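**Student:** Take this structure, written in structure tokens, and hold onto it; I'll ask about it next.
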Amino acid sequence: MRNIGFFLLCLLFPAVAFPASGTEIVIELSGTPDTTHKETDITLWDKDAKQLNKLLRGKTRQEALYQISSVSSKDTIIKAQDGTRYAFVQYGDKDDYRKMLFQAEEPQLFVNCAANVQDALAVNKRYQVDIGITLKEFLSAYAEQVQELPSPLGKHLYRLESKEQEPAFFLFEKGQLLRTLTAKEVTDLQPKKTIAQATPVQLPAPRKQPQPRKALAEGGTITDQMYMPRVINPIPRPVISPSKTPAGTPL
Numbered sequence: 035m036r037n038i039g040f041f042l043l044c045l046l047f048p049a050v051a052f053p054a055s056g057t058e059i060v061i062e063l064s065g066t067p068d069t070t071h072k073e074t075d076i077t078l079w080d081k082d083a084k085q086l087n088k089l090l091r092g093k094t095r096q097e098a099l100y101q102i103s104s105v106s107s108k109d110t111i112i113k114a115q116d117g118t119r120y121a122f123v124q125y126g127d128k129d130d131y132r133k134m135l136f137q138a139e140e141p142q143l144f145v146n147c148a149a150n151v152q153d154a155l156a157v158n159k160r161y162q163v164d165i166g167i168t169l170k171e172f173l174s175a176y177a178e179q180v181q182e183l184p185s186p187l188g189k190h191l192y193r194l195e196s197k198e199q200e201p202a203f204f205l206f207e208k209g210q211l212l213r214t215l216t217a218k219e220v221t222d223l224q225p226k227k228t229i230a231q232a233t234p235v236q237l238p239a240p241r242k243q244p245q246p247r248k249a250l251a252e253g254g255t256i257t258d259q260m261y262m263p264r265v266i267n268p269i270p271r272p273v274i275s276p277s278k279t280p281a282g283t284p285l
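If you're matching positions, the sequence shown starts at 35 in the numbering used here and goes up one per residue.
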């Protein structure tokens, strides 16, 4: 049996010199691995989102991962604002990437992909998901179209204006897109401005002038003498002397 095995090895490896019996046999294979792509392979970096959407339409996540000739840098499950779950696969880094959405449930069919920040914003808006957008790439792509607005401490709020659509608002935190906002949400989010309102000066109420009170100096009726206050130390009235001119005399 041992001789038969040796004979088979000689047939399989005719160029290998076998040493004498009893020593260890070491077979070294040389050459380079096959780097040629199959016709079914999908290359990423020479294709934009539109081309990849066409190639991946109808494929499952498993089929896509098998045919794509690159290694993914992220493969996880993300959730949309309405609770819908998606399988998210990313190739590349933060600024040079291909981002792909698949259905989370089997058979995990392809949904959409993004190759730049414009694609990523469109995917975010359409499916209400966060597939990761950096402030750096956002400002690089829209430097001439954005305006920074007041925002809470630690966050950056930008208004994006374009001729094709209504203004959009984007809130970033720690260099990453936090969420897309509506105009009403922006109004609620902006710091409230304190408006100093002039408080009317409260003038003191005018003092009531004391009403003159009557007092009895002298004489008076019996009732006056009983209830009216009396003047203490009244100023004596001048004594009126009767006129010596007879009444009816023209003056």
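A virtual CB, placed ideally from N, CA and C, is assigned to each residue, including glycine.
Being a predicted model, the structure only gives us computed values, none of them experimental.
Pairs of beta-carbons, one from the segment 148-163 and one from the segment 110-123, closer than 8 Å: are there three or more?
**Tutor:** yes
**Student:** Which residue or residues does DSSP assign as beta-bridge partners of threonine 94?
**Tutor:** Answer by DSSP bridge pairing, in chain order: Leu143.
**Student:** On a Cα-Cα basis, can you pick out the residue from Ser104, Gln101, Ser103 and Phe122 that is closest to isoleucine 111?
**Tutor:** Phe122
**Student:** Please state whether DSSP places lysine 113 in a helix, a strand or coil.
**Tutor:** strand
**Student:** Assign alanine 288 to one of three DSSP states: helix, strand, or coil.
**Tutor:** As displayed, the chain neither begins before 35 nor continues past 285, which places residue 288 out of reach and without an answer.
**Student:** Quick check: the Cα distance between lysine 208 and threonine 94, rounded to an integer number of angstroms?
**Tutor:** 34 Å
**Student:** Exposed or buried, which one is valine 235 when buried takes at least 16 other CB atoms within 10 Å?
**Tutor:** Note that valine 235 scores a pLDDT of 49, beneath 50, so its modelled location is shaky; the value from the coordinates is reported in the next line. That one is exposed.
**Student:** Could you tell me whether any non-hydrogen atom of the ligand ATP is closer than 7 Å to the CB of serine 106?
**Tutor:** With respect to the ligand ATP, the structure shown offers nothing to examine, as it has no ligands at all.
**Student:** Starting from lysine 197, follow the alpha helix (DSSP H) in both directions and report where the run begins and ends.
**Tutor:** First-last for lysine 197: undefined, no H or E at that position.
**Student:** The beta strand (DSSP E) that contains alanine 138, what's its start and end?
**Tutor:** Careful: alanine 138 lies outside any beta strand (DSSP E) and carries neither H nor E.
**Student:** Excluding the five sequence neighbours on either side, which residues of its own chain have a C-beta within less than 8 Å of the C-beta of aspartate 127, listed in chain order?
**Tutor:** Ser107
**Student:** Which term fits arginine 132, buried or exposed, when burial requires 16 or more other beta carbons within 10 angstroms of its beta carbon?
**Tutor:** Around the beta-carbon of arginine 132, 16 or more other beta-carbon atoms lie within 10 Å, marking it buried.
**Student:** Glutamate 178: which of Ala114, Lys197, Lys189 and Asp222 sits nearest, CA to CA?
**Tutor:** Lys197
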